[in-house]
Structure formats: structure tokens, C-alpha cells
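Trainee:
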Amino acid sequence: MERFDKKIWLSIPTMHGDELKYMTEAYETNWMSTVGENISEVERLMKEKVGCKYAVGLASGTSALHLAVKLAGVSQGDKVFCSDMTFAATVNPVIYEKAEPVFIDTEYDTWNMDPIALERAFEIYPEVKVVVIVHLYGTPAKMDEIKAICKKHNALIIEDAAESLGATYKGVQTGSFGTYNCISFNGNKIITGSSGGMLLTDDESAAKLAQKWSTQSRELAPWYQHKDVGYNYRMSNVIAGVIRGQIPYLNEHISKKREIYNRYKEGLKGLPVDMNPYDADNSEPNYWLSCMIIRDEGMCQQKINETDATYISEPGKSCPMEILEKLASCNAEGRPIWKPMHMQPIYADNDFFTINGNGAVAKANSVGRDIFNRGLCLPSDIKMTVEEQSKIIEIIRSCFD
257 MERFDKKIWL
267 SIPTMHGDEL
277 KYMTEAYETN
287 WMSTVGENIS
297 EVERLMKEKV
307 GCKYAVGLAS
317 GTSALHLAVK
327 LAGVSQGDKV
337 FCSDMTFAAT
347 VNPVIYEKAE
357 PVFIDTEYDT
367 WNMDPIALER
377 AFEIYPEVKV
387 VVIVHLYGTP
397 AKMDEIKAIC
407 KKHNALIIED
417 AAESLGATYK
427 GVQTGSFGTY
437 NCISFNGNKI
447 ITGSSGGMLL
457 TDDESAAKLA
467 QKWSTQSREL
477 APWYQHKDVG
487 YNYRMSNVIA
497 GVIRGQIPYL
507 NEHISKKREI
517 YNRYKEGLKG
527 LPVDMNPYDA
537 DNSEPNYWLS
547 CMIIRDEGMC
557 QQKINETDAT
567 YISEPGKSCP
577 MEILEKLASC
587 NAEGRPIWKP
597 MHMQPIYADN
607 DFFTINGNGA
617 VAKANSVGRD
627 IFNRGLCLPS
637 DIKMTVEEQS
647 KIIEIIRSCF
657 D
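Numbering (my numbering), first residue to last: 257 to 657.
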């Protein structure tokens, strides 16, 4: 298969020009640090878009998650229920506070936290008071069920909406369902500042405390006075300028991502594959990444270990690694599905709850493991042309010949 002349990326920033204008304003007015108009305006725009009363601009989505965990009162020895199939940044802040993540398996309908498995976890650990929920690849989780379970057990929600800015569940923006909500402006997100993140909440005192913590917990005094441990987590006014220039294009980016998803869905018809699912009756994703999963009957033999994978090609069948290798050979970037946390060496001994039993047997038969084995992320960059995407589809189809 002929190689692309230029790299076709999974998802990289798309700039429009306004970003440079606001960055230049920061430069020309000398507001180059962690205060300035860009930060204030990004906070205002984001809280209005998402529907929360308060927003705190931070250096990253991870820093937002860390402060959310602290605000939730998580401390040494506590157990915290966490989405299992996600990026490690969702979970690591629990460890920062010397607490213990307990992982909740995924469900097939949305690839997000399984409410049934969450309820089972509460049966064993009724004392847990914090649940960290992710909206994977921009697809909203089953928030009605999850919120009801958390309310029943008097547990608060930390919402990791890093991947789902602009997605809605029953008409409500993600990033507004938790007590503390986090979004990311990392370089590959739906809008970007190259870095940056935000904490959103309806709790004024929590927002003020988060802002204080993010600026090294400096007290109001003529000298540097500190009563609490603080962090260098505040958003830069320069980075905020990039984000400020990106925000007006959020809906445009979502529209283009949706078109990419639908072209894959149509172009891959007839193959034993499905696109990453969502609840069309209740949610509208932001389609951040288009992913596919190969049906059982379409899978060739594939073996995955800790650092690599092998497979045996079969006519009419394929596997994620074969497709990813073929894409790479044609100068296109795909990616495996997030490897579930319960499969990660660092978290292999943590408790894990699924609907498929308990212990090692449950882990071996988890939904997250199955999706990881059969799924992959497809090139989803909005600068990819229709012709380039058509060629990507041809490459995928050729793997099943």
C-alpha cells in the first residue's frame, strides 16, 4: 500500500490564528506569568460553556484531578473507586494522596464505568466516599445510574472530563455532573493550549481553596507566609491565550470529528468490526477519537505481553496490532485502546470489580481487557482530508483480505 506523503496523525492541534493574537497580547502587556486577562477570560468562558459556577485554570488536567482529590478529602489509607479503562493520569492523583484506587470494570454500551460493577464494589466497601468517573474518548458514561448509586451510598463524584469537553448527556454538558470536575487542554484534546487544565465546581469555597493551593498556598501577608502545602499548578497567561483563541472553534472541531466518525462507520461496513459505541438516545459525544473494535469472529490469533504483541494473519480476519502496523507502514498514526489499570504492573495488586466474578478469573474475563484486546484508535485528526481518510479505510479493509 502506498505511503502518505505527509504523516496522518491520530489527533494534533488545529490552530486558527486567534491563539497568536491573545498570546501576543500577553507578551506585549508583559503578563507572562500565572495572572492576566487570558486566564480570567478562559475561566469565564469555560464555566459558562460547561454550566458550573466556578472555574480555576490550572497547568494540566492532572493538576486539576489532584486538587479535586484533595478537595474531596481523600487521605492516606482511603479507598477510592476509579474507572478502570483510562489513562493513568486519572488514577495517579489518588496515589499522590497515599490513598488506594479500587478499579471498576468497563461496560460494552459506552466503554465507561459499569454501574452494576460499581454497586458490587459498594457492597464490599460501603465506607468509600469518592468515585472518579471518566468519559472515555469523548463518550458520556451512564451518569443517571452512576449518580443514583453514589447518592445512595453518600459518595461524591470526581468527573474526569478531560476527553469529553463539549459532549452532552441528556442535554447537559459533561464536566458538570460531579462535585469536582476536571478538563484538559493537552495538545491532542478537542481544543488545546498545548497544555493546561481546569477545575470546575459549584462550591465557591472549594474553588478559592483550589486557587490558593495552585499558587503555593500563599497567605494574605506582605511576605511569603504558608499554612498549607501548595503546588505550582496555576495556568500560565500565555497558555491561556492559546486556549482563549481555541474556544470559539469548539463546536466546529466537534462537527468535524463527528464527520470523521461517520465516514469510518460507513466506510467499514461489511467488515466484522464496530465503532466505539454511545447511547444515541441520551448522549451526544464530542467524537474526540474514532475507535473500532473487531468482533470475535473477525479476530485472528493475537498474543499481547507487557511490552509487545504478536499475531498470525488469517484470511478474512485481522487484529489491532496488524492494523496498527499496516497504518504505521503507510505513515499514519493509530493507537491501542487505553490499557486498563488492573492490567498495569503498578496496579496489578489493587482490588478490581466486574460483573464477571471475582479475583484472577474476573480480571482474565473483564470487559476492559476484552475491549483492549480487540480495539484500536483510528487516525482522527480534523485536518485529515476525505481522500486521506478514504485511504485509511482502504488500508483497514486490506487487513481483512
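Backbone N, C-alpha and C fix where the C-beta goes; we use that ideal spot for every residue, glycine too. Nothing here was measured: the structure is a model prediction, and the numbers come from that model.
#1: I'd like the list of long-range same chain contacts for Y436, defined as Cβ closer than 6 Å, with 5 residues on each side in sequence excluded.
#2: Return the Cβ separation of I516 and S636 in integer angstroms, given the expectation that the two are a contact with Cβ distance under 8 Å.
#3: Runs of 3 residues minimum, wholly inside the segment 481 to 544: which ones carry the beta strand (DSSP E) assignment?
#4: Please name the residue in H322, G434, G449, L421 whose C-alpha comes closest to that of L545.
#5: By Cβ distance below 7 Å, which residues in the same chain neighbour A463 in space, the five residues on each side in sequence not counted?
#6: By the 10 Å Cβ neighbour count, where 16 or more other Cβ atoms means buried, how is M665 classified, buried or exposed?
#7: Can you tell me whether DSSP reads Y352 as helix, strand or coil?
#8: Can you list, in chain order, the residues of its chain with a C-beta nearer than 6 Å to that of Y249? Leave out the 5 residues immediately preceding and following it.
#9: V498: buried (16+ other C-beta within 10 angstroms of its C-beta) or exposed?
#10: Determine the DSSP secondary structure at E258, reduced to helix, strand or coil.
#11: Decide yes or no for the touch test of the segment 424 to 440 against the segment 392 to 412: beta carbon pairs closer than 8 Å, at least 3 of them.
#12: Quick check on G572: buried or exposed, where buried means 16 or more other Cβ atoms within 10 Å of its Cβ?
#13: In angstroms, rounded to a whole number, what distance separates the CA positions of D222 and M279?
#14: What distance in whole Å lies between the Cβ atoms of T346 and V390, which are believed to be in contact at a cut-off of 8 Å?
#15: Give the DSSP-derived three-state secondary structure of R551 in the structure shown.
#16: To which residues of the same chain is M555 closer than 7 Å at the C-beta, ignoring the five residues directly before and after it?
#17: Taking the alpha carbon of P596 as the reference point, which residue from L524, R625, L580, K385 has its own alpha carbon closest?
#18: Rounded to whole angstroms, what's the CA-CA distance from M257 to S331? Just pull it up for me.
#19: Can you tell me the Cα-Cα spacing of F441 and E540, whole angstroms?
#20: For a test of the three-state rule: what should DSSP assign to S450, helix, strand or coil?
#21: Under 8 Å, with one C-beta from each stretch per pair, do the segment 605 to 616 and the segment 346 to 365 reach the 3-pair mark?
#22: Can you check which of these residues, M599, L632, I447, is closest to A616 by C-alpha distance?
#23: Find out if the Cβ-Cβ distance for the pair F337, V386 is shorter than 9 Å.
#24: Would you report the Cα separation of G221 and V350, rounded to the nearest angstrom?
#25: Using only the alpha-carbon positions, how far apart do K525 and I649 sit?
#26: Please look up how many angstroms separate the CB atoms of A418 and G317, rounded, as I've assumed it's under 8 Å.
#27: Need the endpoints of the beta strand (DSSP E) that S339 sits in, please.
#28: Using the rule of at least 16 other Cβ atoms within 10 Å of the residue's Cβ for burial, across every protein chain shown, is D537 buried or exposed?
#29: Kindly provide the ranges of any beta strand (DSSP E) runs that are 3 or more residues long and lie completely inside the segment 260 to 314, ordered along the chain.
#30: With a cut-off of 8 Å on the beta carbons, I'd call M369 and I402 a contact; round off their distance for me.
#31: Taking one C-beta from the segment 261 to 280 and one from the segment 578 to 593 each time, how about it: are there three or more such pairs within less than 8 Å?
#32: Using 9 Å as the threshold, is the C-beta distance between N294 and V494 below it?
#33: Whole-angstrom Cβ separation of W265 and N532, contact assumed at under 8 Å?
#34: Using the C-alpha atoms, what's the distance from E581 back to K407?
#35: Whose C-beta lies closer than 8 Å to the C-beta of I273 among residues of the same chain, with five residues either side of it excluded?
Mentor: Considering the structure as presented:
#1: Locating residue 436 in the sequence shown gives position 180, counting from the first residue. The answer, listed in chain order, is A324, L327, I414, T457.
#2: Residue numbering aside, residue 516 sits at position 260 when the sequence shown is read from its first letter. Residue numbering aside, residue 636 sits at position 380 when the sequence shown is read from its first letter. With a Cβ gap of about 6 Å, I516 and S636 count as contacting.
#3: 529 to 531
#4: Counted from its first residue, the sequence shown places residue 545 at position 289. That would be L421, whose Cα lies nearest to the Cα of L545.
#5: Stepping through the sequence shown from its first residue, residue 463 is reached at position 207. Result list for A463: Y310, V312, T457, in chain order.
#6: Residue 665 lies beyond the range of the chain shown here (257 to 657); nothing can be said about it.
#7: Within the sequence shown, residue 352 is the residue found at index 96, counting from 1. Helix, per DSSP.
#8: A question about residue 249 goes unanswered here, because the residues of the chain that appear run from 257 up to 657.
#9: As a working mapping, residue 498 is identified with position 242 in the sequence shown. By the 10 Å Cβ count, V498 comes out buried.
#10: Position 2 of the sequence shown, counting from 1, holds the residue named residue 258. Looking at E258 - three-state DSSP - the assignment turns out to be coil, as it is neither helix nor strand.
#11: yes
#12: Indexing the sequence shown from 1 puts residue 572 at position 316. By the 10 Å Cβ count, G572 comes out exposed.
#13: Since the first residue of the chain shown is 257 and the last is 657, residue 222 is not available in this structure.
#14: Indexing the sequence shown from 1 puts residue 390 at position 134. Indexing the sequence shown from 1 puts residue 346 at position 90. With 8 Å as the limit, V390 and T346 qualify as a contact, their Cβ atoms being about 6 Å apart.
#15: Along the sequence shown, one-based indexing puts residue 551 at 295. Three-state DSSP puts R551 in coil, outside helix and strand.
#16: For the purposes of this step, residue 555 is taken as the residue at position 299 of the sequence shown. For M555, where only same-chain residues beyond five positions count, the Cβ hits under 7 Å are K573, C575, R630.
#17: Your numbering for residue 596 matches position 340 in the sequence shown. Closest option to P596, Cα to Cα, is R625.
#18: Position 1 of the sequence shown holds residue 257. Position 75 of the sequence shown holds residue 331. Cα to Cα, the separation comes out at about 54 Å.
#19: Numbered from 1 along the sequence shown, position 185 holds the residue referred to as residue 441. Numbered from 1 along the sequence shown, position 284 holds the residue referred to as residue 540. Rounded to whole angstroms, F441 to E540 spans 20 Å at the Cα level.
#20: Numbered from 1 along the sequence shown, position 194 holds the residue referred to as residue 450. Of the three classes helix, strand and coil, the one that applies to S450 here is strand, per DSSP.
#21: yes
#22: What you label residue 616 is simply residue 360 of the sequence shown in a count that begins at 1. Checked all of M599, L632, I447; the closest Cα to A616 is M599.
#23: Residue 337 sits at position 81 when you count from the first residue of the sequence shown. Residue 386 sits at position 130 when you count from the first residue of the sequence shown. A contact, by the Cβ cut-off of 9 Å.
#24: Here the chain covers residues 257 to 657 and nothing more, so residue 221 does not appear.
#25: Position 269 of the sequence shown holds residue 525. Position 393 of the sequence shown holds residue 649. About 10 Å.
#26: The residue you call residue 418 lines up with position 162 of the sequence shown. The residue you call residue 317 lines up with position 61 of the sequence shown. Their Cβ separation, rounded to whole angstroms, is 4 Å, which keeps A418 and G317 in contact under 8 Å.
#27: Taking the first residue of the sequence shown as 1, we reach residue 339 at position 83. First-last of the beta strand (DSSP E) with S339: 335 to 339.
#28: Looking up residue 537 in the sequence shown gives position 281. Classification of D537: exposed, given that the 10 Å Cβ count is below 16.
#29: 310 to 314
#30: Position 113 of the sequence shown, counted from the first residue, corresponds to residue 369. Position 146 of the sequence shown, counted from the first residue, corresponds to residue 402. Between I402 and M369 the Cβ distance is about 6 Å, and since that is below 8 Å, they are a contact.
#31: yes
#32: Locating residue 294 in the sequence shown gives position 38, counting from the first residue. Locating residue 494 in the sequence shown gives position 238, counting from the first residue. Yes, these two residues count as a Cβ contact at 9 Å.
#33: As a position in the sequence shown, residue 265 is number 9, starting the count at 1. As a position in the sequence shown, residue 532 is number 276, starting the count at 1. Wrong, their Cβ atoms sit about 18 Å apart, outside the cutoff.
#34: For this step, residue 407 is matched to residue 151 along the sequence shown. For this step, residue 581 is matched to residue 325 along the sequence shown. Looking at the two C-alpha atoms, the distance is approximately 45 Å.
#35: Position 17 of the sequence shown, counted from the first residue, corresponds to residue 273. Note that residue 273 is Gly in the sequence shown here, rather than Ile. The answer, listed in chain order, is G501.
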